[in-house]
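Under this note's numbering, the letters of the sequence shown match residues 9 to 279, in that order.
Glycine is no exception: its CB is placed at the ideal position from the N, C-alpha and C atoms.
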Amino acid sequence: MDRIWKKLTLRIKDESYREQVYWWFQDQKPYGFWEKDGLTIVAYVRDWPEEPFPEYIVAAERSEEPDENWAEEWRQSFKPIVVNESILIRPPWEPTIPSMIDLVIYPAYAFGTGDHPTTFSCMEFISRFLKPGMKFLDVGMGSGILSLLAIRLGAGDVTSIDIDPLAMEELKRNCALNQIPFERIESKICDLSDIQDSFDFIVANIGTQFIFENLPRLSNMLPMSGYLVLSGFHVKDVARIQKHARLVSLKIIESSKKNNWSTLLCQKNKQ
9 MDRIWKKLTL RIKDESYREQ VYWWFQDQKP YGFWEKDGLT IVAYVRDWPE EPFPEYIVAA
69 ERSEEPDENW AEEWRQSFKP IVVNESILIR PPWEPTIPSM IDLVIYPAYA FGTGDHPTTF
129 SCMEFISRFL KPGMKFLDVG MGSGILSLLA IRLGAGDVTS IDIDPLAMEE LKRNCALNQI
189 PFERIESKIC DLSDIQDSFD FIVANIGTQF IFENLPRLSN MLPMSGYLVL SGFHVKDVAR
249 IQKHARLVSL KIIESSKKNN WSTLLCQKNK Q
């Protein structure tokens, strides 16, 4: 008998609330979610939420679907993504393109497949600025997509951290899909404060509040001229984050804006 999945379809007030609803979903521990359009988000959840919905969620529809429907919706939702005309991010059921760097990501739980604007922008900066041999840190590993891309591009030591134990399972699966030994990545379920090393290239695609609280620590983990990619926040927060970055010896090299989400590329600078 097919498993029955709980499907939750949410409508938000406007696109400025997309970050809040993503963080709200993290607390719900969904099996997976995606944007149907700019205002509609669909998720498969373990249990129906018990608490009232936040005020920025203006409509919620509950439904149940058998297992084959869930699998088919994933396949319809996740298509291959091309980064900088040279890197192919694809689910395992899509064919490779021989002329491109190939990265396979299984879409599961609430972790990155590359289709979200912040993940895509992080991959663009990694592909352009990461040099072979660089020591790389992924803060908030999720699916491991950014760490796996760094390995494909020749990074040296790669460390990937998250506070959610389920992220480790997704990383293991995606390492296997890409024939990359799991041991190639030093993966940890921990806080940033537990990491004492320094890194040439750090990516933190993890949201506004985390960035404000941890910018001094992130800057201290970089050598002079090291790179830091900050992402997971809206355009309205850019000016404040830039100001905080400059106060901790970080120079803004480039910025990217996609669908009201912003990503900043910073470089460690002398005061």
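Taking C-beta separations shorter than 8 Å and ignoring five residues to either side along the sequence, the partners of Gln-28 in its chain run Pro-62 and Tyr-64, following chain order.
Looking at the DSSP output, Tyr-30 shares a beta bridge with no other residue.
Between Leu-226 and Ala-212, the gap from beta carbon to beta carbon is short of 8 Å. Leaving aside the five residues that flank Leu-161 on each side, the residues in its chain whose CB is nearer than 8 Å to its CB run, in chain order, Ile-109, Ile-134, Ser-135, Leu-138 and Pro-140. Put simply, the backbone Cα of Pro-99 is about 35 Å away from that of Gln-250. Pairing Leu-236 with Ala-253, the inter-Cα distance amounts to about 10 Å.
Secondary structure of Cys-130 (DSSP, three-state): helix. Counting along the chain, the unbroken alpha helix (DSSP H) around Asn-228 starts and ends at 216-228.
In the structure shown, Ile-193 adopts extended strand secondary structure according to DSSP, grouped into three states. Residue state for Val-256 is assigned as coil, using DSSP reduced to three classes. Cβ-Cβ distances below 6 Å link Cys-198 to Ile-169 in the same chain, with the five nearest sequence neighbours on each side left out; the list follows chain order.
Looking at Gly-234, Leu-238 and Phe-218, the one whose alpha-carbon comes closest to that of Ser-201 is Phe-218. In the same chain as Cys-183, and ignoring 5 residues on each side of it, the C-beta atoms closer than 6 Å to its own belong to Phe-190, in chain order. Checking the DSSP bridge columns, you'll see Phe-209 partnered with Phe-144 and Tyr-235.
Within the same chain, Leu-145 and Glu-194 come within 6 Å of Thr-167 by CB-CB distance, once the 5 residues on both sides are set aside.
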